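Residue numbers (this note's numbering): 29 to 493.
And the structure:
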């Protein structure tokens, strides 16, 4: 990464603080193994995050939630608005963390920071309690240390040997660089004195911890612009040793380790900061190997504008209750099959597929409403221009005002079918030109007859969020 950010980009904390400090840290208590009280088997996932976008149009520093049944494709809750926002300290959060405690309830931790003022020092973190992630109680700031520095990306884990939770976070200590600190607690209200948990001798941030995996504990973190791992057979401070092959996609931070509930596969999520806010994922069938393979972007879809995620497993009942409480989105996004980093959007009233992320981000949000010409079909209503619909004109797709005519209604109506390139995805057949389908060519949308393998891929989309 260059020392000077490109126009419109947003530098990471490492870029801003240089050799003296860096970006936040994370640890996945999701993966803590121990004697939790009996409850229904976990079968789904919840993600916590905050939001930013390329021009900061969507910069919101409250706790956002999304849910997933497979841990890969995510549905934002509460219309991608925050479910709770800090009221003390900086008045905002970054790097939220959700953990199910030993009593089966949840604790939420977060960095005390609103925005991108990396000079803001806080010895505190935000804390909430929650029985079900539908209500958040006991809001407080918890002081961790007396150093004149930050307390970035707090996360927690259960240390069965101590009978206490460890809270880890990133601070610049007397070494002059970011290290991972730890405090211990039983109630997330009072803590022991801070200790250095991991310091390899250079600046490291964004740790994420998997506890008790075949007798080994794994700590992933950010070194420079890459994600790397360390391991230890104990949880003792100072016991971790680096071991893995680095992974990255551009400048990558905020690792999040997640084990599939359906298989032995592990996923490592990473958050990029140039461009700001793209998650990439890698997979491994063996954490001990320290090697990862990039996951096909067709297989996963992050919540819109999500940053620095935390992932925890939940039950089917908890999943259903979260959706009932916060609601599913009133809009969708459409991902391209053969360019899965691109989404359908309008730009200057032209329908096209563009690389995520971009602003204005509502250009990619659509309400799939009953077809204007045939209610068994669908029409694509723009979220940010609700009187406009995606329609074809001379076979090209564009965003036009609904003039109320039958011709417009027919041009703006499509019939959803099984995906021509993948039946688990979707394709859209024109209502009034039924031998033609929506497809992209040179990234611009139009309706065309489809016959070749390439054309079928161009005409296939994932309808998600």
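Glycine included, C-beta positions come from ideal geometry on N, C-alpha and C.
Computed from a prediction, not measured in an experiment: that's the story for all the values here.
Per the DSSP calculation, residue i is bridged to which residue(s)?
{"i": "residue 219", "result": "Note: residue 219 sits in no beta bridge, so no partner."}
{"i": "residue 407", "result": "397"}
{"i": "residue 341", "result": "73"}
{"i": "residue 14", "result": "For residue 14 there is no data in the structure shown, the boundaries of the chain being 29 and 493."}
{"i": "residue 271", "result": "Bridge partners of residue 271: none, in fact."}
{"i": "residue 382", "result": "371"}
{"i": "residue 259", "result": "246 and 269"}
{"i": "residue 464", "result": "477"}
{"i": "residue 238", "result": "246"}
{"i": "residue 140", "result": "121"}
Excluding five sequence neighbours on each side, which residues of the same chain lie with their C-beta closer than 8 Å to the C-beta of residue i?
{"i": "residue 176", "result": "149"}
{"i": "residue 174", "result": "151"}
{"i": "residue 269", "result": "258, 259 and 260"}
{"i": "residue 292", "result": "313"}
Excluding the 5 residues preceding and the 5 following residue i in the sequence, name in chain order all residues of the same chain whose CB lies nearer than 7 Å to its CB.
{"i": "residue 411", "result": "359, 390, 393, 394 and 395"}
{"i": "residue 5", "result": "Because residue 5 is not part of the residues shown, which for the chain are 29 to 493, the question remains open."}
{"i": "residue 119", "result": "142"}
{"i": "residue 70", "result": "289, 341, 342 and 343"}
{"i": "residue 363", "result": "329, 371, 489, 490 and 492"}
Cutting at 6 Å between CB atoms, please list the residues of its own chain near residue i, excluding the five before and the five after it.
{"i": "residue 366", "result": "485"}
{"i": "residue 57", "result": "Per-residue confidence for residue 57 stands at a pLDDT of 44, beneath the threshold of 50, marking its modelled position as unreliable; the derived number appears in the next sentence. Closer than 6 Å at the Cβ level, and outside the excluded window around residue 57, lie 127, 184 and 185."}
{"i": "residue 480", "result": "none"}
{"i": "residue 377", "result": "426 and 427"}
{"i": "residue 468", "result": "381 and 486"}
{"i": "residue 476", "result": "464 and 467"}
{"i": "residue 309", "result": "295, 297, 323 and 328"}
{"i": "residue 368", "result": "325 and 326"}
{"i": "residue 482", "result": "none"}
{"i": "residue 211", "result": "172, 195, 219, 220 and 222"}
{"i": "residue 419", "result": "428, 439 and 440"}
Among the candidates the options, whose CA atom is the shortest distance from the CA of residue i?
{"i": "residue 380", "options": "388, 387, 356 and 371", "result": "371"}
{"i": "residue 257", "options": "264, 233 and 212", "result": "233"}
{"i": "residue 109", "options": "79, 74 and 426", "result": "79"}
{"i": "residue 164", "options": "97, 90, 447 and 174", "result": "90"}
{"i": "residue 295", "options": "368, 281 and 312", "result": "312"}
{"i": "residue 249", "options": "416, 261, 377 and 230", "result": "230"}
{"i": "residue 266", "options": "285, 245 and 281", "result": "245"}
{"i": "residue 349", "options": "226, 487, 106 and 447", "result": "106"}
{"i": "residue 346", "options": "373, 407, 140 and 132", "result": "132"}
{"i": "residue 204", "options": "195, 218 and 227", "result": "227"}
{"i": "residue 117", "options": "130, 138 and 103", "result": "138"}
{"i": "residue 432", "options": "422, 416 and 420", "result": "416"}
{"i": "residue 135", "options": "145, 155, 144 and 123", "result": "155"}
{"i": "residue 92", "options": "430, 261, 334 and 271", "result": "334"}
{"i": "residue 316", "options": "453, 236, 283 and 260", "result": "260"}
{"i": "residue 115", "options": "456, 418, 318 and 167", "result": "167"}
{"i": "residue 302", "options": "72, 413 and 82", "result": "82"}
{"i": "residue 243", "options": "169, 449, 188 and 160", "result": "188"}
{"i": "residue 224", "options": "158, 206, 214 and 111", "result": "206"}
{"i": "residue 193", "options": "214, 271 and 178", "result": "214"}
{"i": "residue 283", "options": "74, 181 and 85", "result": "181"}
{"i": "residue 145", "options": "130, 375 and 122", "result": "122"}
{"i": "residue 237", "options": "197, 216 and 217", "result": "197"}
Since residue i is in the alpha helix (DSSP H), which residue starts that stretch and which ends it?
{"i": "residue 439", "result": "434-439"}
{"i": "residue 446", "result": "Not the alpha helix (DSSP H): residue 446 falls in the beta strand (DSSP E), residues 442-446."}
Which two residues bound the contiguous beta strand (DSSP E) that contains residue i?
{"i": "residue 131", "result": "Element bounds for residue 131: n/a, residue is neither H nor E."}
{"i": "residue 485", "result": "From DSSP, residue 485 is part of no beta strand (DSSP E) but of the alpha helix (DSSP H) over 481-486."}
{"i": "residue 454", "result": "454-458"}
{"i": "residue 184", "result": "180-187"}
{"i": "residue 165", "result": "165-171"}
{"i": "residue 309", "result": "304-312"}
{"i": "residue 156", "result": "152-158"}
{"i": "residue 86", "result": "Note, residue 86: premise wrong, no beta strand (DSSP E); not H, not E."}
{"i": "residue 427", "result": "424-429"}
{"i": "residue 418", "result": "416-421"}
{"i": "residue 281", "result": "280-287"}
{"i": "residue 209", "result": "206-213"}
{"i": "residue 198", "result": "192-200"}
{"i": "residue 297", "result": "294-301"}
{"i": "residue 264", "result": "Unbroken run through residue 264: none, as it is neither H nor E."}
Should residue i be counted as a contact of the ligand GTP given a C-beta to heavy atom distance under 7 Å?
{"i": "residue 77", "result": "As for the ligand GTP, it is missing from this structure, which has no ligand bound."}
Can you confirm whether the stretch 463-479 touches the stretch 330-345 when touching is taken to mean that 3 or more C-beta pairs between the two stretches lie within less than 8 Å?
no
Could you say if the stretch 246-264 and the stretch 272-287 meet the contact criterion of at least three C-beta pairs nearer than 8 Å?
yes
Counting beta carbon pairs with one atom in the stretch 99-113 and one in the stretch 325-340, are three or more of them shorter than 8 Å?
yes
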